[in-house]
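Novice: These protein sequences, in sequence, are chains A and B. Going letter by letter, the first sequence gives residues 303 to 478 in our numbering. Going letter by letter, the second sequence gives residues 303 to 478 in our numbering.
There are 2 protein chains.
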Amino acid sequence: MTEFSAAAAPAAGAATPEDLLAFKRAFRRHASGVAVITALDPDGNPVGFTATSLASLSAVPPLATFNMARSSSTWRAIAETDRVAIHMLGVRNRPVAEKMAGDNAQRFIGDHWRAGPGGLPILDDVTSWMVGRIVERLHVHNNAVIVVHIEAGELGDDDAPLLYHKRQYRTPGDVV
Amino acid sequence: MTEFSAAAAPAAGAATPEDLLAFKRAFRRHASGVAVITALDPDGNPVGFTATSLASLSAVPPLATFNMARSSSTWRAIAETDRVAIHMLGVRNRPVAEKMAGDNAQRFIGDHWRAGPGGLPILDDVTSWMVGRIVERLHVHNNAVIVVHIEAGELGDDDAPLLYHKRQYRTPGDVV
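(1) What residues from chain A crowd round B:H467, counting only those whose CB sits closer than 7 Å?
(2) Label B:I411 either buried or exposed according to how many other C-beta atoms from any shown protein chain fall within 10 Å of its C-beta, with 16 as the threshold for buried.
(3) For B:A333, which residues from the same chain have a beta carbon less than 6 Å from its beta carbon, with the 5 sequence-adjacent residues on both sides left out?
(4) Quick check: is the beta carbon of A:V386 nearer than 8 Å to any beta carbon in chain C?
(5) Can you tell me which of the three DSSP states B:I436 falls into?
(6) By the three-class DSSP mapping on this structure, what secondary structure does B:N369 have?
(7) With a cut-off of 8 Å, does the C-beta of B:K326 fall near any C-beta of chain A?
(8) Which residue from A:P364, A:G392, A:A379 and A:P363 puts its Cα closest to that of A:M370?
(9) Which same chain residues end up closer than 7 Å to B:G458 when comparing Cβ atoms and leaving out the 5 residues on each side of it in sequence?
(10) Write down the C-beta distance between B:G418 and B:A462 rounded to the nearest angstrom, noting that I regard them as a contact closer than 8 Å.
(11) So within the region 337-391 of chain B, which uninterrupted beta strand (DSSP E) runs reach at least 3 residues, ignoring any that extend past its ends?
(12) Would you list the residues sitting across from A:H441 in a DSSP beta bridge?
(13) Judging by CA-CA distance, which residue of A:V393, A:L342 and A:A353 is the nearest neighbour of A:G421?
(14) Using the beta-carbon count (16 or more within 10 Å), is A:H451 buried or exposed?
(15) Can you give me the C-alpha to C-alpha distance between B:I424 and B:H389, rounded to a whole angstrom?
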């Protein structure tokens, strides 16, 4: 076992480069599903990003959470709007996962989306999408946990869920 | 596309059986990594559960989140303690994922764990574990989002990360 410690950080909220590396190494052992969050900014322009933090919080009522940095280009929109769209991505959607994680000026250039309920940007051909209302924004340092009450959505054609692990997109493998 | 709506729910916070099914069907299109959260209850007994909601919130400072129901057998401990251990599971750890999701009276019967920092229960042979301090407990209806500031941990032997999708444990497959 390789031990690491963040307790020796020089100040509350700070971390040494070694702690940062250790935390990242630990989380690199974790895999996640891939989602895309979209919204409209205060000027009505579409914004969005690829998220690996989407999780269910409760089924009754239907609540989901995702995490983001408040330094993100999308933060201003998420801070000011009360509505978002959440998309579940299948393996066939890898190109859009990369696009929505790339240059933010390019993310909505193309015909891969359309305006859905309330004008929210809805990505084409995803395995599922849901729209909902932001009910909590928990600020922790320069980050936020967002809680969404899901109000509607659609199921698309099924596909193997897109995975992210060690900076690579993957398909699920065998049942173990 | 199969449309569903939770907006027609009879009351705020409520959902119809159809909404519940639709939300669950949408989240069944999402895959997740598998973690185990452990803590000590107020009597000093080990408690824990298998979580599919673990996510990184920030690397600097090192913050992680997980979600849970406040009706869970582990909630009393998480509500009252300020320290938890988070374990990343590899494919070789599938048996312990099942054990920590099963009968809560049986979860710590066996030699699959030991007391670690501060007496926290640490599972053997996981790919990584971290201990930290709970810095936020956000209550939303009968659920909670828990934010943990990671303070220390260890990396174990590497392994393919254990996945959960459509009620089955899986290994990751090909890069796409």
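No residue lacks a Cβ here, since even glycine has one placed at the ideal position from N, Cα and C. Just so it is clear, the structure is predicted and the values come from calculations on it, not from any experiment.
Specialist: Well, looking at it:
(1) From the beta-carbon of B:H467, the residues of chain A found nearer than 7 Å are P463 and P474.
(2) A residue is called buried once 16 or more other Cβ atoms fall within 10 Å of its Cβ, and B:I411, having fewer, is exposed.
(3) Annotation for B:A333: L465 and H467 place their beta carbon closer than 6 Å to its own, counting only its chain and skipping 5 residues before and after.
(4) Of the protein chains in the structure, A and B, none is chain C.
(5) Under the three-state reduction of DSSP output, B:I436 falls in the strand class.
(6) The answer is strand: DSSP assigns B:N369 an E or B state.
(7) It does; some Cβ of chain A falls within 8 Å.
(8) With distances taken between Cα atoms, A:M370 lies closest to A:A379.
(9) These residues qualify, in order along the chain: D427, V428, T429 and S430.
(10) Incorrect: roughly 24 Å between the Cβ atoms, too far for contact.
(11) Listed in chain order, the complete beta strand (DSSP E) runs (minimum 3 residues) inside the region 337-391 of chain B are 337-342, 348-353, 357-360, 365-371 and 385-390.
(12) A:H441 pairs with A:A446.
(13) Selected option, being the one with the closest Cα: A:L342.
(14) Its Cβ being crowded by 16 or more others within 10 Å, A:H451 is buried.
(15) The straight-line gap separating the alpha-carbon atoms of B:I424 and B:H389 is approximately 8 Å.
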